[in-house]
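Let me begin by presenting the structure, written as structure tokens, before commenting on it.
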Ligand SMILES: [Zn+2]
């Protein structure tokens, strides 16, 4: 077995925690409690009880992390047998395999068997690779989900867009423009998982009929606009190939990137849109910014960065009703730009504050320049919002996740139909 990264161990601890085997610190270190949890996992999955991440154990854990296994139909197999073998539910198999006939399984065909666990982890820092696995696992479980990449980051990562719904009312949600605000990616990915599961069984959330939303709206979600930056904040330089030495210099000599918001060209993506960008550049030096760095550097021209450019292109390609840009922190909703927003922006914003418990923000000019929602309001004169979730110092601890989800779930539903 190759050496397992600290991030991967955290992922495994997070899974063991969600499965009920582990109740201690999710710290990326294997010590006695983690070993005990691995033993329990092995026992319940008919594996040799070694307490080690041996090959078979590791691949079983991977199945849970991905959320499904693929099963080849054998002679005599019934759906009921398969359900029992993998300890899952029949409805999950039917949803994941819309074309199978449960009464006439074809021997030799392989089917997707979703396991019964929730896929999107809400107890660990949400890395790019976790997101990739989640997108692939969710789209296997819920084949009606569509996803693609709207561009590549500076360091060659995909900027994923997931689309839910099939209606004419288009809206766009995005998260993690800012690297150390990755908890907004967890929020959007969890929403996709909950929404898809409830849609697949024709249920409702908070009184919202999900099938009706699906037919009325199309929601384009870009959960991680700045994947390189998120990698940098969570795992440091380990997985970064571009600008390695400069990044340390730009970070004032430190290899701790907790305060990093920019992409890995040192450009603040939310100061890189074409809305008062020139004006912003005049203010920049006043903030003490002279070039690439962890935050507030607006770049050499609007949309100079592949990430902001991809986001702008996507937005231009869709006739959208509104956009939500998720950030942390402050529990505040920003809704205006130079009073160019339509009248209804205030009403919708106030509705969001009522259902979230957040407050309406009042921005001074320097706060509201060259950001995504500023540009959206300027170019399209439609409602655009920056929602600052959670409270404290970025990166917010994952312990705030449940509260953040609770505050925002209804906004995410309502914004698609209001
Ligand atoms: Zn932000």
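Residue numbers (the working numbering): 525 to 942.
Don't be surprised by glycine CBs; every beta carbon is placed ideally from N, CA and C.
Which residue's Cα is closest to the Cα of residue 612: 624, 637, 931 and 862? 637
How long is the line joining the alpha carbons of residue 779 and residue 758, rounded to whole angstroms?
11 angstroms
*asked:* Per the DSSP calculation, residue 704 is bridged to which residue(s)?
replied: Its beta-bridge partners do not exist; DSSP assigns none.
So which of 925, 904 and 644 has the shortest CA-CA distance to residue 843? 904
>> Using C-beta distances below 7 angstroms, list every residue in its chain close to residue 827, excluding the 5 sequence neighbours before and after it, in chain order.
In response: 796, 797, 798, 833 and 836, listed in sequence order.
Would a C-beta distance cut-off of 9 angstroms place residue 676 and residue 682 closer than the cut-off? yes
### Message
Ignoring anything shorter than 3 residues, give me the beta strand (DSSP E) runs that lie fully in the region 672-747, in order along the chain.
### Response
682-689, 693-699 and 741-746
Using the Cα positions of residue 708 and residue 631, report the straight-line distance between them to the nearest angstrom.
44 angstroms
List in chain order: all unbroken alpha helix (DSSP H) runs of 4+ residues lying wholly within the region 612-652. 614-620
Along the chain, where does the alpha helix (DSSP H) that runs through residue 912 open and close?
No alpha helix (DSSP H) contains residue 912, which is instead part of the beta strand (DSSP E) from 908-913.
Which residues mark the beginning and the end of the alpha helix (DSSP H) in which residue 872 is found? 868-880
Would you kindly check if the distance between the Cβ of residue 714 and the Cβ of residue 644 is under 9 angstroms? yes
**Prompt:** Quick one: what does DSSP say residue 533 is sitting in, helix, strand or coil?
**Reply:** helix
Kindly give me the distance between the Cβ atoms of residue 701 and residue 749, rounded to whole angstroms, as I take these residues to be in contact under 8 angstroms. 5 angstroms
* To do: At 3 residues or longer, and completely inside the region 563-601: list those beta strand (DSSP E) runs for me, N to C.
  => 592-596
Let's test the definition: count the other Cβ atoms within 10 Å of the Cβ of residue 882 and tell me whether it reaches 16, buried, or not, exposed. buried
Using beta-carbon positions only, say whether residue 745 and residue 686 come within less than 9 angstroms of one another. yes
Let me check you understand the geometry: is the CB of residue 796 closer than 8 angstroms to at least one non-hydrogen atom of ligand 1? no
For residue 626 and residue 618, what's the separation of their Cα atoms in angstroms? 8 angstroms
Whole-angstrom distance between residue 678 and residue 846, CA atom to CA atom: When only Cα atoms are considered, residue 846 and residue 678 end up about 28 angstroms apart.
Assign residue 659 to one of two classes, buried (16 or more other C-beta atoms within 10 Å of its C-beta) or exposed (fewer than that). buried
* Counted within 10 angstroms of its Cβ, other Cβ atoms place residue 822 as buried (16 or more) or exposed -> buried
*asked:* Taking 8 angstroms as the cut-off, is the beta-carbon of residue 814 closer than that to any non-hydrogen atom of ligand 3?
replied: Within the structure as shown, ligand 3 is missing, the only ligands being ligand 1.
> Excluding five sequence neighbours on each side, which residues of the same chain lie with their C-beta closer than 7 angstroms to the C-beta of residue 830?
Replying inline: 675, 676, 677 and 678
Excluding five sequence neighbours on each side, which residues of the same chain lie with their C-beta closer than 6 angstroms to the C-beta of residue 811? 820
- Query: Is any heavy atom of ligand 1 found at a distance shorter than 8 angstroms from the C-beta of residue 852?
  - Reply: yes
Which of helix, strand or coil DSSP assigns to residue 925: helix
Please report how far the alpha carbon of residue 728 lies from the alpha carbon of residue 933, in whole angstroms. So the two alpha carbons sit approximately 12 angstroms from each other.
Simplified DSSP assignment, three categories, for residue 905
coil
(message) Assuming residue 885 and residue 913 are in contact, meaning their beta carbons sit under 8 angstroms apart, how far apart are those beta carbons, in whole angstroms?
(response) Wrong, their Cβ atoms sit about 13 angstroms apart, outside the cutoff.
Going by the CB atoms, is the gap between residue 793 and residue 508 shorter than 9 angstroms? Nothing can be reported for residue 508: it is not among the residues displayed for the chain, which extend from 525 to 942.
So for residue 668, helix, strand or coil by DSSP? In the structure shown, residue 668 falls within a coil segment according to DSSP collapsed to helix, strand and coil.
Spell out the partners DSSP gives residue 858 in its beta bridges.
910
Q | Rounded distance between the beta-carbons of residue 688 and residue 720, thought under 8 angstroms | A | 7 angstroms
**Residues of its chain near residue 646, where Cβ-Cβ distance is below 8 angstroms and the 5 sequence neighbours each way are ignored** = Result list for residue 646: 710, 714, 922, 925, 926 and 929, in chain order.
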